[in-house]
Each structure stands twice: as C-alpha cells, then as structure tokens.
Amino acid sequence: MELIEVKNIVKGFTVVKKNKGLKGALTSLIKPEKSTVYAVNDISFSIKKGEIVGFIGPNGAGKSTTVKIMSGILHPTSGKVLVDGISPQENRKAVVKNLGVVFGQRTQLYWDLRLGESFELLRRIYQIDLKSFNKNMDIMSEILKINEIIDTPVRQLSLGQRMRGDIAAAMIHSPNILFLDEPTIGLDIEAKHSIRNYIEKINKINNTTVILTTHDLDDVEQLCKRLIVINNGGIIEDGPLDSIVERLAPYRVLIVELSKHCVDIVTPYAEIIKQENLKIWYRFKKNEITAAELISQLAQKLPIRDLSVTEANIEDVVRKVYRGVSNE
Ligand SMILES: Nc1ncnc2c1ncn2[C@@H]1O[C@H](COP(=O)(O)OP(=O)(O)OP(=O)(O)O)[C@@H](O)[C@H]1O
Ligand SMILES: [Mg+2]
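Numbered by the working numbering, the letters in the sequence shown go through residues 1 to 328 in order.
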C-alpha cells in the first residue's frame, strides 16, 4: 500500500521579470512585467509506510516546494497529492494529525516561551493525554536530550538545541509521517548525530515514514535506503541508494604504492588517473573486473608495497548530478 502519492504536481510562481541595469530595474518597479517560474514541473512518486526517503538536489531544485505541497502549506498549480488517502489541499487538518513537519531554516517554536511551555501549549492544541505525552517525551529526552533545555526560553537556544526542540515539537502528537527539510543544516557533529539517531529510532520503533531533504550526504548514507534526486523541478533519479550509486558512479579506485620506480605501469584493465612518486591511482569499472583480479594482474609486473581500494560513493553521484552530467 502506498502511504503517500504524488501525481504530476506542477507549481508555478508568478514573478516580476527583471530587466537589465539600473534603468531596467527602475522600469520594472514602475511597470512590472510578470512571468512564471516553475519550481516544480511534473513530479510524481509514491512512498510506502515505513520508508525513509532522501530528497536531494542542488539549490533551487524544487525540494522545499515539493515538501510544502505535500504538507498542504502550498497548493500545486496542477497535479494531486494524497497522504494516507487524504488530500492535504482539501483537508489539511486531517493530514496534519498524522504528520510532523520540520523546516530547518525556520523554527516553529514559540519564540517567547520556554521550550517546555511550547510543548505544553502544543499538547493542549493537539489534545494529547498526559500519559502518551510523557511516554513520547521520554523517547525524545533520551536521544534528543530535551530535558537539558526544557526550561530555556526558545530565543536563547543555540541552533542545534533549537533544532532538537523543533523536531520534538513536530513529533509531539506521535505522527506516523515526518517531513524534515534540512534538519541538520548548520549543526555540529554531535547534534547531527543525535538527530540522525532519533530518526533511525522512531523509524525502527514506530515504523514512522520519513522524507528527508538534505545537502549532508552523511544523513543520506546513514538513513536512506531510497533516494529521489531532483533537479530543475523534475525527478532525475528515484530508486535504491545502492543501485543509483552503482549506475551513476560505477568506478572504484585502486591505489597502489610501489617499492621502486617502474617504467611500464599501464594496464589494459584500468585507467591511471593520478600518479605521485611511487603512488599510482588506477580507476576501474566494478562490473568489468574485480579488485582482486586487477591486483593480481598488476602484481605480475609491478613490485607492490602497499595498496587500498576506494569505493564509489554517494558523493561521486551527487557531484555528477549537480554538474548535470548523466551519461559520462
Ligand atoms: N514563493 C516563491 N516565489 C517565487 N519563486 C519561488 C518561491 N518559492 C520558491 N521559488 C523558486 O522555486 C525554485 C525552487 O525552490 P525550492 O525552495 O523548492 O528549492 P530547494 O530545492 O528547496 O533549494 P535549496 O536546496 O536551496 O533549499 C527556486 O528557483 C526558487 O527561487
Ligand atoms: Mg529548500
């Protein structure tokens, strides 16, 4: 069963056309000419209960706009979204009952209240009984260390503390679905770590479905089995992380250190991409030769002192996607 269905959504924003130079800028002020930019241009995907899906793509790709449409904050120009069978555009109230949303760039906490008071207010808004509230708070306290900051006014929280507070606030009504838009942006390693652990844990314990937008590839590597890559308002990849990496970054690199200089270091099985004194970097295709075979080929003619193999990773994929190269 699909929990979230996004069908052919398009979102166009009307913007004022910019004219060149100061004179042009002044003309646009007086007589604005309008045009439409498409932040999202025909995106479709579906997500099953319990999945953690990573949403990645360069700045301005359309990720946040998609998240806002899925949570009912924005209306699409066309297309349809269903969250557990309900349209967030038609019945946002029913959808948010089962949904937590966090925008890393913007807090949803009450600036003038202590964090604990914010939670109490939300508890009353959502009409959560004290018993389930406390049970929920226990899990959050343990991983997000909420008890350390519960008495601090929100405006005094550091970025990392505030983000932990924001996530806890989004999860206060124990929703089954969580949308996180850059939840680790600007955080130190420790704060990132606790947020990732929390996401992992609620997914494991409650089978919470998570959509995670991030530029931090460690987030993706630790949490997401599936990746949706967005660029220019469209989906360019959707599938298991492993197979996207395998397909878009099929290379591995064997780094060999020789015990003495050799003249003939080439091999038909790999390409030399770098050389530094006695160290040589051989790039080879995973599906054409195994590392063991390549090593044994090289060992026949080269005195090898040391070696290591590096795997292709998500970073290679992202670099490729962001550069706009899909068939290198
Ligand atoms: N309210 C708006 N009015 C006009 N244009 C908008 C509006 N919101 C977003 N856009 C444009 O839509 C495009 C997609 O924006 P969006 O915020 O969805 O990108 P993103 O993928 O989240 O990027 P980032 O990684 O920088 O957060 C951008 O070109 C942006 O300028
Ligand atoms: Mg964004």
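The C-beta atom is built at its ideal place from N, Cα and C for all residues, glycine as well.
- V10 is the residue among V10, I304 and T14 whose C-alpha sits nearest the C-alpha of I43.
- At least one heavy atom of ligand 2 lies closer than 8 Å to the C-beta of T213.
- In the three-state DSSP reduction, I265 falls in the coil class, being neither helix nor strand.
- Closer than 8 Å to some heavy atom of ligand 1: that does not describe the Cβ of S46.
- Going by beta carbons, L178 and T208 fall inside the 9 Å limit.
- When C-alpha distances from Y198 are compared across T213, L227 and A168, the shortest belongs to A168.
- When only Cα atoms are considered, G100 and I314 end up about 27 Å apart.
- The region 184–202 and the region 23–43 do not touch, with fewer than three beta-carbon pairs separated by less than 8 Å.
- Ligand 2 has no heavy atom closer than 8 Å to the beta-carbon of S71.
- R247 counts as exposed, since fewer than 16 other C-beta atoms from the protein chains shown sit within 10 angstroms of its C-beta.
- Taking a 10 Å sphere around the C-beta of K68, we find 16 or more other C-beta atoms and assign the residue as buried.
- Burial of R123 is indicated by the presence of at least 16 other C-beta atoms within 10 angstroms of its C-beta.
- Taking the Cα positions, E90 is about 15 Å away from N98.
- Counting only heavy atoms of ligand 1, the residues whose C-beta sits closer than 6 Å to one of them are, along the chain, F13, V15, V37, A39, G57, N59, G60, A61, G62, K63, S64 and T65.
- D181 has its Cβ nearer than 8 Å to a heavy atom of ligand 2.
- The C-beta distance from L254 to P303 rounds to 16 Å, too long to fall under 8 Å, and the pair is not in contact.
- Contact check for E237 and L227: beta-carbon distance about 7 Å, within the 8 Å limit, so the pair qualifies.
- As the crow flies, the alpha-carbon of N136 is around 13 Å from that of N176.
- Between G234 and G79, the CB-CB gap reaches or exceeds 9 Å.
- The beta-carbon distance between I47 and L3, rounded to whole angstroms, is 6 Å. This is short enough to meet the 8 Å contact definition.
- Counting the other CB atoms within 10 Å of its CB gives I56 a total of 16 or more, which places it among the buried residues.
- The closest CA to that of N231, considering only T290, R319 and D188, is found on R319.
- Assignment of beta-bridge partners to Q275 by DSSP yields I280.
- In this structure, the CA atom of K145 is about 24 Å from the CA atom of L217.
- By the Cβ rule, the region 102–121 does not count as touching the region 32–42, because fewer than three pairs are nearer than 8 Å.
- Less than 9 Å divides the Cβ of F103 from the Cβ of E182.
- Nearest C-alpha to N8 among Q300, L82, A94 and I172: L82.
- Nearest C-alpha to E200 among Q108, K31, E51 and L109: E51.
- Contact between M140 and M171 holds, since their C-beta atoms are separated by about 7 Å, short of 8 Å.
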